[in-house]
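Report on one structure; see the data block that follows.
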Amino acid sequence: KGGETAGPEELFVIFLDNGRSRIRRDPSLREMLSCIKCGACLNTCPVYQNIGGHAYGGVYPGPIGSLLTPGLQGFQKSGNLPFLSTLCGSCSDVCPVKIDIHRLLLTLRGAWVREKRAPLIERIVLRFWFHVVTREGVYTLFSRLARLMMRLSPVTSIGGRRIDLPPRRFRDLWNETL
-4 KGGETAGPEE LFVIFLDNGR SRIRRDPSLR EMLSCIKCGA CLNTCPVYQN IGGHAYGGVY
56 PGPIGSLLTP GLQGFQKSGN LPFLSTLCGS CSDVCPVKID IHRLLLTLRG AWVREKRAPL
116 IERIVLRFWF HVVTREGVYT LFSRLARLMM RLSPVTSIGG RRIDLPPRRF RDLWNETL
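See below:
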């Protein structure tokens, strides 16, 4: 205080935010910083219930950890944590602060893919599959080819269970009902 003879002449305050200011600047991710670390998302997450917290490799486990760890450390250190989720949405449903966790996981998944973290062969196969399933004629052709290949295949069982294909495709049956 003014007039005192003892005490510091200057005061320095250092904030260690561990990358939180970078997350705060991103409007699509800022919401994750509202987490109060209550654990509700952990208690409802089927992935966390089956594998436990050590698989998340950081301080924050569970669905919120799949957001915070890559957000704070980057994908270099956190790997593919945003994919450690079924996207069932139960974490978002139980969150007391209404963080839309599964939407944020999708956002981080998109960022991970844009940074080309997925192996090249995976990116090629998924891009090819995207073009197949988004074009009805191409999808129909591929599904017919797959059925033909399964009928001609000498393998008639998987894991000891016989593969029985229906005589007609579901889509054909559906079109008949319309």
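Sequential numbering from -4 applies to the sequence shown in our numbering. From the three backbone atoms N, C-alpha and C, an ideal C-beta is built for every residue, glycine too. A quick note: this is a predicted structure, and the numbers were derived from the prediction, not measured.
With a 10 Å radius around its C-beta and 16 neighbouring C-beta atoms as the bar for buried, classify Trp107 as buried or exposed. Numbered from 1 along the sequence shown, position 112 holds the residue referred to as residue 107. Of the residues assessed, Trp107 falls on the buried side of the cut-off, its CB having 16 or more other CB atoms within 10 angstroms.
So the candidates are Phe78, Leu143, Thr64; which of them puts its Cα closest to the Cα of Lys72? For the purposes of this step, residue 72 is taken as the residue at position 77 of the sequence shown. It is Thr64 whose Cα lies nearest to the Cα of Lys72.
Under the rule that 16 or more other beta-carbon atoms within 10 Å means buried, what is Arg104, buried or exposed? The sequence position of residue 104 within the sequence shown is 109, counting from 1. Buried, because 16 or more other Cβ atoms sit within 10 Å of the Cβ of Arg104.
Going by the beta-carbon positions, is the gap between Cys36 and Cys90 smaller than 8 Å? Here residue 36 corresponds to residue number 41 of the sequence shown, with the count starting at 1. Here residue 90 corresponds to residue number 95 of the sequence shown, with the count starting at 1. Yes, the pair counts as a contact, with Cβ atoms nearer than the cut-off.
What ranges does the alpha helix (DSSP H) occupy inside the stretch 43 to 123, keeping only unbroken runs of at least 4 residues that lie completely in it? 57 to 68, 70 to 73, 85 to 89, 96 to 109
Among Leu79, Ala50, Leu101, Gly60, the one whose alpha carbon lies nearest that of Ser23: Mapped onto the sequence shown, residue 23 falls at position 28. Out of Leu79, Ala50, Leu101, Gly60, the CA that lies nearest to the CA of Ser23 is found in Leu101.
Helix, strand or coil, according to DSSP, for Ile31 in the structure here? Working through the sequence shown from its first residue, we reach residue 31 at position 36. DSSP places Ile31 in coil when its eight states are reduced to three.
Please list the terminal residues of the continuous alpha helix (DSSP H) segment that includes Ser138. By 1-based counting over the sequence shown, the position of residue 138 is 143. Where Ser138 is concerned, the enclosing alpha helix (DSSP H) stretches over 131 to 147.
Take Gly48 and list the residues in its own chain whose beta-carbon comes closer than 6 Å to its own, dropping the five residues that flank it on each side. Here residue 48 refers to the residue found at position 53 when the sequence shown is read from its first residue. Hits under 6 Å: Pro56.
Measure the alpha-carbon distance for Glu110 versus Arg122 and round it to whole angstroms. Here the question's residue 110 lines up with position 115 in the sequence shown. Here the question's residue 122 lines up with position 127 in the sequence shown. Spanning the two alpha carbons is a distance of roughly 15 Å.
Pairwise C-alpha distance: Trp124 and Arg17: As a first step, residue 17 must be located in the sequence shown, where it is residue number 22. As a first step, residue 124 must be located in the sequence shown, where it is residue number 129. Each residue's Cα considered, the two are about 35 Å apart.
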